[in-house]
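Below is one structure, written out as structure tokens, with a few remarks after it.
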Amino acid sequence: MVLDPKGNTGAQQGRRAFVVRGLGVLAGLVVAGTSSAAANAAQDDPARATRLRAVDDEWRFCERCYGMIHVYFGLGVGRCPGASNGHSVAGYQFRLPYDVPETATAQANWRYCERCLGLFYFGYPGGGWCPAGGSHLAKGYNYVLPHDVVETPTSQAYWRFCTKCYALFYWGYPTKGSCPAGGGHEAAGYNFVIPHYS
Ligand SMILES: [Zn+2]
Ligand SMILES: [Zn+2]
Ligand SMILES: [Zn+2]
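Quick note, this note's numbering runs 41 ahead of the 1-based positions in the sequence shown.
As structure tokens, then:
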């Protein structure tokens, strides 16, 4: 884990978000067009427009609870089980695929919790243990996380499912963060390998 604050400024995040969303809008316009060469190109490669908007790059590691946290709605907020004043993000800017097919090496049903801002697995009944109290509350996209594939310079391994709170957390340190269910998180299942900007 490189705790490099690069890419952590509001201006940079805003610009990146604008670029990503701008591409999505352009792709939509191209697909909607009827006569341009660009429209023909898009029809030749219909998956391209989907790929452009099928990644959410607003995710970061929280150095207090070790969870994966969505930062679009503001830093220092949310309910962090490791601190009373919210999550504190560091390191890579992750890019989570969503609304793509589940495969033998990619698991669906990972969701954003609008109460704690964390990523959690929604595939079991109950919804886990939210640091804001009760269960996590799913909202937004259906994220599909790669697992058990080779780590590369633009992806990070050792992200795991916590059996106690259902959150995704980083398992690569000797300590295991702060679980809202008490103590550190407890890993089980797949070894997730999460794409990020270099
Ligand atoms: Zn946190
Ligand atoms: Zn939650
Ligand atoms: Zn946990």
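Virtual Cβ for every residue (Gly too), placed ideally from N, Cα, C.
In this text the structure is predicted, and so the values were computed from the model without any measurement.
C-beta neighbour in chain B for VAL96, strict 9 Å: Checking the listed chains, one finds no chain B in this structure; it contains a single protein chain.
Nearest to VAL234 (by Cα), restricted to the options VAL96, GLY119, TYR107 and PHE135: That would be PHE135, whose Cα lies nearest to the Cα of VAL234.
Cβ neighbours of ALA222 in the same chain (closer than 7 Å, five flanking residues each side left out): When the five nearest sequence neighbours on each side are left out, the beta carbons in the same chain lying within less than 7 Å of the beta carbon of ALA222 are those of TRP170, LYS205 and CYS206, in order along the chain.
Under 5 Å, CB to nearest heavy atom of ligand 2: contacting residues: Look at which beta carbons fall closer than 5 Å to any heavy atom of ligand 2; those residues are CYS154, ARG156, CYS157, CYS171 and HIS177.
Neighbour-count burial assignment, SER125, 16 or more Cβ in a 10 Å radius: The residue in question, SER125, is exposed, as its Cβ has fewer than 16 Cβ neighbours within 10 Å.
VAL190 burial status per 10 Å Cβ neighbour count (16 or more: buried): Counting C-beta atoms within 10 angstroms of its own C-beta, VAL190 has fewer than 16 neighbours from the protein chains shown and is therefore classed as exposed.
Beta-carbon gap between ALA179 and PHE202 smaller than 9 Å: No, they are not a contact pair.
Where the beta strand (DSSP E) through GLU227 begins and ends: Counting along the chain, no beta strand (DSSP E) covers GLU227, and no H or E run does either.
CB contact flag (TYR107, TYR211, <9 Å): Using a Cβ distance threshold of 9 Å, TYR107 and TYR211 count as a contacting pair.
Distance, TYR182 Cα to ARG156 Cα: Spanning the alpha carbons of ARG156 and TYR182 requires a straight line of approximately 15 Å.
Through-space distance from LEU137 to CYS121, alpha-carbon basis: Inter-residue distance for CYS121 and LEU137 is about 21 Å (C-alpha atoms, whole angstroms).
DSSP three-state assignment for ASN81, whether helix, strand or coil: A caution first: ASN81 carries a pLDDT of 45, below 50, which makes its placement in the model too unreliable to give a value.
Between the CA atoms of TYR113 and PRO283 - distance to the nearest angstrom: For residue 283 there is no data in the structure shown, the boundaries of the chain being 42 and 239.
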